[in-house]
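A.B. asks:
2 protein chains.
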Amino acid sequence: MEAVAVVENKQVILSKYIEGIPTEADMELKVGETIELRAPKGSSSFLVKNLYLSCDPYMRGRMRDFHSSYLPPFVPGQRIEGFGLARVIDSDDGDYHPGDLICGITGWEEYSLLRSSNDLQLRKIQLDDDIPLSYHLGLLGMAGFTAYAGFYEVCSPKKGESVFVSAASGAVGQLVGQLAKLHGCYVVGSAGSNQKVDLLKNQLGFDEAFNYKEEADLDAALRRYFPEGINIYFDNVGGSMLDAALLNMKVRGRIALCGMVSLQSLSSSSQGINNLYNAIPKRVRLEGFLQSDYLHIFPQFLEHIKGYYKEGKIVYIEDMSEGLELVPSALVGLFSGTNIGKQVVRIAKE
Amino acid sequence: MEAVAVVENKQVILSKYIEGIPTEADMELKVGETIELRAPKGSSSFLVKNLYLSCDPYMRGRMRDFHSSYLPPFVPGQRIEGFGLARVIDSDDGDYHPGDLICGITGWEEYSLLRSSNDLQLRKIQLDDDIPLSYHLGLLGMAGFTAYAGFYEVCSPKKGESVFVSAASGAVGQLVGQLAKLHGCYVVGSAGSNQKVDLLKNQLGFDEAFNYKEEADLDAALRRYFPEGINIYFDNVGGSMLDAALLNMKVRGRIALCGMVSLQSLSSSSQGINNLYNAIPKRVRLEGFLQSDYLHIFPQFLEHIKGYYKEGKIVYIEDMSEGLELVPSALVGLFSGTNIGKQVVRIAKE
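In the order they appear, the protein sequences are chains S and U. Here the numbering used here is used: position 36 in the first sequence is 37, and no number is missing along the way. Here the numbering used here is used: position 108 in the second sequence is 109, and no number is missing along the way.
#1: Rounded to the nearest angstrom, what separates leucine 291(S) and valine 262(S) at their Cα positions?
#2: Is there a Cβ of chain S sitting closer than 7 Å to that of isoleucine 315(U), yes or no?
#3: Please list the partners that phenylalanine 290(S) has in chain U, where partner means a Cβ-to-Cβ separation under 8 Å.
#4: When the Cβ atoms of the region 306-313 of chain U are set against those of the region 329-340 of chain U, are three or more pairs found closer than 8 Å?
#5: Applying a beta-carbon distance threshold of less than 8 Å, which residues of chain A neighbour isoleucine 318(S)?
#6: Which residues mark the beginning and the end of the alpha helix (DSSP H) in which tyrosine 149(S) is found?
#7: With DSSP as the reference, label leucine 267(S) as helix, strand or coil.
#8: Using a 10 Å radius around the Cβ and a threshold of 16 neighbouring Cβ atoms, would you call alanine 6(S) buried or exposed?
#9: With a threshold of 7 Å between beta carbons, is isoleucine 19(S) in contact with chain U?
#10: Taking Cβ positions only, does methionine 261(S) come closer than 7 Å to chain U?
#11: Tell me which residue opens and which closes the alpha helix (DSSP H) that phenylalanine 67(S) is part of.
#12: Sorted by chain position, which residues of the same chain lie with C-beta nearer than 6 Å to phenylalanine 227(U)'s C-beta, five sequence neighbours on each side aside?
#13: Which runs of the beta strand (DSSP E) fall wholly inside the region 307-333 of chain S and span at least 3 residues, in chain order?
#14: Per DSSP, what kind of secondary structure is lysine 11(S) in: helix, strand or coil?
#15: Give me the chain S residues within the contact set of glycine 239(U), using Cβ-Cβ distance strictly less than 8 Å, ordered along the chain.
#16: Only counting runs of 3 or more residues, tell me where the beta strand (DSSP E) segments fall wholly within the region 41-120 of chain U, in order along the chain.
#17: Identify the contact partners of leucine 287(U) in chain S, using a Cβ-Cβ distance below 8 Å as the criterion.
#18: Could you work out which residue in Glu20(S), Val316(S), Ile36(S) and Ile318(S) is closest to glutamate 9(S) when comparing CA atoms only?
#19: Straight-line CA distance for valine 188(U) to methionine 242(U)?
#20: Using three-state DSSP, classify glutamine 204(U) as helix, strand or coil.
#21: Grouping DSSP H, G and I as helix and E and B as strand, with all else coil, what is glycine 342(S)?
#22: If we define contact as Cβ-Cβ less than 7 Å, is glycine 78(S) a contact residue for chain U?
#23: On a Cα-Cα basis, can you pick out the residue from Ile315(U), Arg116(U) and Asn237(U) that is closest to glycine 193(U)?
#24: Are the C-beta of isoleucine 274(U) and some C-beta of chain S separated by less than 7 Å?
#25: Is serine 70(U) close to chain S? Criterion is C-beta to C-beta, closer than 7 Å.
#26: Using a Cβ cut-off of 7 Å (strictly closer), state whether leucine 296(S) contacts chain U.
#27: Show which residues of chain S have a CB atom less than 7 Å away from the CB atom of leucine 219(U).
#28: Closest Cβ-Cβ distance between leucine 201(S) and chain U: below 7 Å?
#29: Pick from Lys159(U), Glu82(U), His184(U) and Arg284(U): whose alpha carbon is nearest that of serine 70(S)?
#30: Under a three-way DSSP split, which group does serine 135(S) fall into?
#31: Are there any heavy atoms of the ligand NAD lying less than 6 Å away from the beta-carbon of valine 5(U), as far as the coordinates show?
#32: Since glutamate 29(S) sits in a beta bridge, which residues does DSSP pair it with?
#33: Leaving out five residues before and five after serine 118(S) in sequence, what residues of the same chain have Cβ atoms less than 8 Å from its Cβ?
#34: What does DSSP give as the partner residues of glutamate 209(U) in its beta bridges?
#35: Give the interface partners of leucine 335(U) over in chain S, defined as CB-CB distance under 7 Å, in chain order.
#36: Answer yes or no: do glutamate 111(U) and arginine 80(U) have a C-beta to C-beta separation smaller than 7 Å?
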């Protein structure tokens with residue numbers, strides 16, 4: 002029998018279900034676990050070494066003891082999972098071979114045993130010297146695809162329309178704004194620091210941007226930037242920003258409900274949305290969406306966005322941490338906005 | 002010169018702008034005004050005798066000092082206007098002749114001088130012994146058309162889907178529910194009294210109905226009637242019912258935002274909508290609409306609904322008051338639900 006290497010496999014596990022926003026204490030770095038570096042024969046699985054892990058706001062939903070959502074919760078005591086980029090080391094799946102790079106749902110750990118049948122979004126990555134590998138978790142991954150599907154499929158944009166994006170420098174928002182500009186729209190973004198506002202205006206090409214933390218009256222801020230109203234609001238935050246946007250929509254405006262980081266972080270005593278009534282006289286459409294409903298256009302997305310990137314028409318800002326032990330703090334930081342751009346953690350060299 | 006009759010023209014005027022819900026004190030019956038019973042030559046106007054006036058919740062919006070809505074406010078001291086059914090007495094408009102019956106925007110007064118160019122929804126009515134004349138203000142008027150356009154054009158219904166209607170015995174809701182049944186849907190309605198619930202189940206053909214005032218937990222009530230969730234919520238009330246419906250929508254459910262009588266009646270200290278987040282994992286679409294955007298299908302609506310009515314496939318419940326002096330209390334009653342069915346006031350014999 003062939004000798005199989007057994008190595009330590011550090012993991013980040015969920016300590017316990019959370020109630021509000023995640024804190025570092027809700028997760029734990031577990032050392033001492035070991036793993037055989039092979040994919041068992043007959044298992045149809047393949048073993049990967051994880052290189053980059055993605056931290057995404059939706060993961061908070063899986064940290065709760067709530068079993069009726071579109072994704073099951075994580076299991077306390079077991080490793081967290083999320084999108085990652087990894088290299089195949091051994092395989093019992095004929096479609097995956099040692100050396101292949103893959104992007105899909107993996108574990109928050111050094112090595113993971115994966116099954117392609119468990120992951121509709123699993124895909125192989127071709128090395129391309131013009132594109133950083135980690136971008137497959139952001140610009141060319143779930144976040145970028147959320148921006149692409151949400152903007153084109155949900156917002157029904159038209160040239161010349163006015164577009165507002167919240168959390169605009171985030172993993173999704175920064176691409177929405179750039180796509181809207183390429184589409185010929187007027188684009189304004191909100192963000193939570195002056196540094197992010199500078200990025201939006203000077204690197205990401207937004208027409209205007211503002212720091213919502215410096216605005217006492219969000220309605221007045223939006224009136225200032227959209228004196229004639231908003232055609233499209235790409236909502237990443239919910240809460241009081243959504244309420245203010247509802248007051249400023251144009252007739253037949255569209256609101257893509259993409260995420261509600263702000264509401265998520267509040268308890269059930271939050272004040273709620275008060276201006277939904279305005280959707281009637283203004284005939285506004287609000288639509289919640291998930292990128293996973295649009296996977297049929299993923300190939301088209303990859304082609305378009307790779308093209309735009311290589312032509313220098315779009316840029317992408319990443320916030321890269323280093324080391325598995327930093328994944329919990331990177332995830333927690335999303336909810337206070339400490340990240341600038343797409344939050345990724347490199348846990349091994351390419 | 003021909004002698005022209007001059008008669009008294011009692012009017013209901015807006016006393017002052019309102020803040021919350023209208024009260025009878027916000028309106029006043031003004032006597033002693035006179036009017037010449039003719040349409041001045043060269044005016045392109047026509048003079049009508051008003052027969053029936055329609056009381057509709059949207060009118061509250063025009064009683065406020067708010068000038069940015071889709072309709073201008075009424076003017077304090079001047080007569081209120083709304084949909085009415087009237088007979089032409091004199092005309093300087095070649096398309097309208099003495100004796101014609103018309104339905105459109107008229108004044109809350111005995112006689113009105115109208116101009117067709119002011120009213121996109123003005124139309125002539127053919128007497129039809131099978132259809133009560135007043136139905137042109139309800140079943141075959143703005144309310145019925147709101148139900149028709151909202152259900153077919155906004156809700157995108159499919160056979161077998163589950164439909165929830167609030168204010169279900171009202172002018173709009175009663176037709177939505179019947180159309181949904183004819184479409185092969187499972188239909189549940191909510192209303193504010195046991196008498197209305199009986200109507201829904203025993204006369205209007207709803208599968209189920211409940212009295213929301215007797216439900217301590219609206220979420221639990223909806224779970225009881227929709228254990229597998231709601232495909233379509235036709236929302237006439239907003240507020241806590243909308244919030245409960247958001248918790249019970251099926252994946253890709255649709256919410257037609259038609260009116261928010263409940264929210265309208267509350268002050269700005271209302272608690273707001275807390276469950277909009279659910280629209281994201283459930284991919285729910287909420288859409289505000291106005292019937293006036295769909296006038297291109299009005300002829301089709303008339304044909305279909307007249308047909309259904311004559312075939313006995315639908316019924317329509319009216320609440321008829323008598324006399325111009327009762328129009329204010331009839332309007333006010335809409336906001337506490339004292340009306341049963343479509344509220345109309347007959348102010349003159351046909």
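In this text, a Cβ means the ideal position worked out from N, Cα and C, and glycines have one as well. Here the structure is a predicted model, which means the values were calculated and not measured.
C.D. replies: Working from what's here:
#1: Position 290 of the first sequence holds residue 291(S). Position 261 of the first sequence holds residue 262(S). So the alpha carbons of these two residues sit roughly 15 Å apart.
#2: Within the second sequence, residue 315(U) is the residue found at index 314, counting from 1. Not an interface residue.
#3: Position 289 of the first sequence, counted from the start, is the residue given in the question as residue 290(S). Here the neighbours are Ile281 and Arg284.
#4: Fewer than three Cβ pairs drawn from the region 306-313 of chain U and the region 329-340 of chain U lie within less than 8 Å of each other, which leaves the two stretches out of contact.
#5: Absent from the structure: chain A. Protein chains present are S and U.
#6: Stepping through the first sequence from its first residue, residue 149(S) is reached at position 148. Start and end: 143-150.
#7: Against the first sequence, residue 267(S) aligns to sequence position 266. Any reading at leucine 267(S) needs caution, since the residue's pLDDT is 49, under 50, leaving its predicted position unreliable; the model's value is listed next. Residue state, collapsed to three classes: coil.
#8: Mapped onto the first sequence, residue 6(S) falls at position 5. Exposed, because fewer than 16 other Cβ atoms sit within 10 Å of the Cβ of alanine 6(S).
#9: Here residue 19(S) refers to the residue found at position 18 of the first sequence. For isoleucine 19(S), the answer is no, since every Cβ of chain U falls outside 7 Å of its Cβ.
#10: Taking the first residue of the first sequence as 1, we reach residue 261(S) at position 260. Closer than 7 Å to some Cβ of chain U, the Cβ of methionine 261(S) qualifies, so yes.
#11: Taking the first residue of the first sequence as position 1, residue 67(S) is located at position 66. It is not in any alpha helix (DSSP H) - phenylalanine 67(S) carries neither H nor E in the DSSP assignment.
#12: In the second sequence, residue 227(U) corresponds to position 226, counting from 1. Correct list, in chain order: Ser163 and Asn249.
#13: Those beta strand (DSSP E) runs which fall completely within the region 307-333 of chain S and span 3+ residues are 319-323.
#14: Locating residue 11(S) in the first sequence gives position 10, counting from the first residue. If DSSP states are grouped into helix, strand and coil, lysine 11(S) belongs with coil.
#15: Position 238 of the second sequence, counted from the first residue, corresponds to residue 239(U). Against chain S, the beta carbon of glycine 239(U) has neighbours under 8 Å at Leu277 and Tyr278, listed in chain order.
#16: Entirely contained in the region 41-120 of chain U, the beta strand (DSSP E) runs reaching 3 residues are, in chain order, 46-55, 82-92, 102-108 and 112-116.
#17: Your numbering for residue 287(U) matches position 286 in the second sequence. What leucine 287(U) touches in chain S, judged by beta-carbon distance under 8 Å, is Leu277, Ala280, Arg286, Leu287 and Glu288, going in chain order.
#18: By 1-based counting over the first sequence, the position of residue 9(S) is 8. With distances taken between Cα atoms, glutamate 9(S) lies closest to Ile36(S).
#19: Taking the second sequence and counting its residues from 1, the one referred to as residue 188(U) is at position 187. Taking the second sequence and counting its residues from 1, the one referred to as residue 242(U) is at position 241. Roughly 16 Å between the two C-alpha positions.
#20: Along the second sequence, read from residue 1 onward, the residue named residue 204(U) stands at position 203. It is coil, neither helix nor strand.
#21: Along the first sequence, read from residue 1 onward, the residue named residue 342(S) stands at position 341. Reduced to three states, the DSSP call for glycine 342(S) is coil.
#22: Looking up residue 78(S) in the first sequence gives position 77. So no, glycine 78(S) is outside the interface.
#23: Taking the first residue of the second sequence as 1, we reach residue 193(U) at position 192. Minimum Cα distance to glycine 193(U) is reached at Asn237(U).
#24: Here residue 274(U) is taken as the residue at index 273 of the second sequence, counted from 1. Yes - at least one Cβ of chain S is within 7 Å of the one on isoleucine 274(U).
#25: Along the second sequence, read from residue 1 onward, the residue named residue 70(U) stands at position 69. So, interface residue.
#26: Walking along the first sequence from the start, residue 296(S) turns up at place 295. At a cut-off of 7 Å between C-beta atoms, leucine 296(S) does not count as an interface residue with respect to chain U.
#27: The residue you call residue 219(U) lines up with position 218 of the second sequence. By Cβ distance, chain S contributes nothing, its closest Cβ being about 15 Å from leucine 219(U), past 7 Å.
#28: Taking the first residue of the first sequence as 1, we reach residue 201(S) at position 200. No, because no Cβ of chain U sits closer than 7 Å to the Cβ of leucine 201(S).
#29: In the first sequence, the residue the question calls residue 70(S) occupies position 69. With distances taken between Cα atoms, serine 70(S) lies closest to Arg284(U).
#30: Locating residue 135(S) in the first sequence gives position 134, where the first residue counts as 1. Here serine 135(S) sits in helix by DSSP.
#31: As far as ligands go, the structure on display features none, and thus does not contain the ligand NAD.
#32: The count along the first sequence starts at 1 and reaches residue 29(S) at position 28. DSSP output for glutamate 29(S) lists Ile14(S) as bridge partner(s).
#33: Against the first sequence, residue 118(S) aligns to sequence position 117. Only Ser45 meet the Cβ criterion.
#34: Counting from one through the second sequence, the residue named residue 209(U) turns up at place 208. Val189(U).
#35: Mapped onto the second sequence, residue 335(U) falls at position 334. The premise fails here: leucine 335(U) is roughly 16 Å from chain S at the closest Cβ pair, so nothing lies under 7 Å.
#36: If you number the second sequence from 1, residue 111(U) lands on position 110. If you number the second sequence from 1, residue 80(U) lands on position 79. The Cβ atoms of glutamate 111(U) and arginine 80(U) do not sit closer than 7 Å to each other.
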